[in-house]
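Chemist:
In our numbering, the protein residues as written are 1409 to 1555.
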């Protein structure tokens, strides 16, 4: 079982941002990156997408638990927001285009089949609550913010 923590950070929202993921319990392997102009939600999504891509979720990876402090990311899957978005031509409940569709589409494509197959579990952790791995990915994401 692999447990991977993800986080995003933004200096201003929008503003420069960073993302990171790291595998528990030691924080290895890990990856991070940043963008000069982005939002916190984009960085949270990017962290999750980069983690599932890098770890081969849905293909060669064994069971994976993805841990995030982002209810934005987790609730999309728990509450099946993506079903309505797809049915409504990628429009949200206010009939506006879904934000971050370019990240949601590939993330949904990887996560939904893996969750349905039982090879991916999603878990929430409260941010800034003293969880060592969540604190680690938060630090990595902040360090990745372009200065």
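Every residue, glycine too, gets a C-beta built ideally from N, C-alpha and C.
In chain order, which beta strand (DSSP E) runs of at least 3 residues are fully inside the segment 1415 to 1481?
Modeler: Complete beta strand (DSSP E) runs here, min 3: 1423 to 1431, 1438 to 1446, 1472 to 1476.
Chemist: Quick one: grab the DSSP three-state call for residue 1532.
Modeler: If DSSP states are grouped into helix, strand and coil, residue 1532 belongs with the strands.
Chemist: With DSSP collapsed to three states, give me the class of residue 1540.
Modeler: Residue state, collapsed to three classes: helix.
Chemist: Grouping DSSP H, G and I as helix and E and B as strand, with all else coil, what is residue 1554?
Modeler: Residue state, collapsed to three classes: coil.
Chemist: Output the distance between the C-alpha atoms of residue 1415 and residue 1447, rounded to the nearest integer angstrom.
Modeler: In a straight line, the C-alpha of residue 1415 is about 13 Å away from that of residue 1447.
Chemist: Please state whether DSSP places residue 1412 in a helix, a strand or coil.
Modeler: Strand.
Chemist: If we ignore side chains and look at the alpha-carbon of each, how far apart do residue 1437 and residue 1470 end up?
Modeler: For residue 1437 and residue 1470, the distance between alpha carbons rounds to 16 Å.
Chemist: I need the straight-line Cα distance from residue 1409 to residue 1432, nearest angstrom please.
Modeler: Each residue's Cα considered, the two are about 10 Å apart.
Chemist: Would you kindly report the start and end of the unbroken alpha helix (DSSP H) that includes residue 1525?
Modeler: Start and end: 1509 to 1525.
Chemist: Note down, in chain order, each residue of its chain lying with its Cβ closer than 7 Å to the Cβ of residue 1522, except the 5 sequence neighbours on either side.
Modeler: Around residue 1522: 1465, 1466, 1528.
Chemist: Under the DSSP definition of a beta bridge, which residues are partnered with residue 1499?
Modeler: Answer is 1505, bridged to residue 1499.
Chemist: Count the other CB atoms, across all protein chains shown, that sit within 10 Å of the CB of residue 1542; report buried if there are 16 or more and exposed otherwise.
Modeler: That one is buried.
Chemist: Out of 1517, 1454, 1444, state which residue places its alpha-carbon closest to the alpha-carbon of residue 1429.
Modeler: Checked all of 1517, 1454, 1444; the closest Cα to residue 1429 is 1454.
Chemist: Just how far apart, CA to CA, sit residue 1474 and residue 1536?
Modeler: Approximately 17 Å, taken between the alpha carbons.
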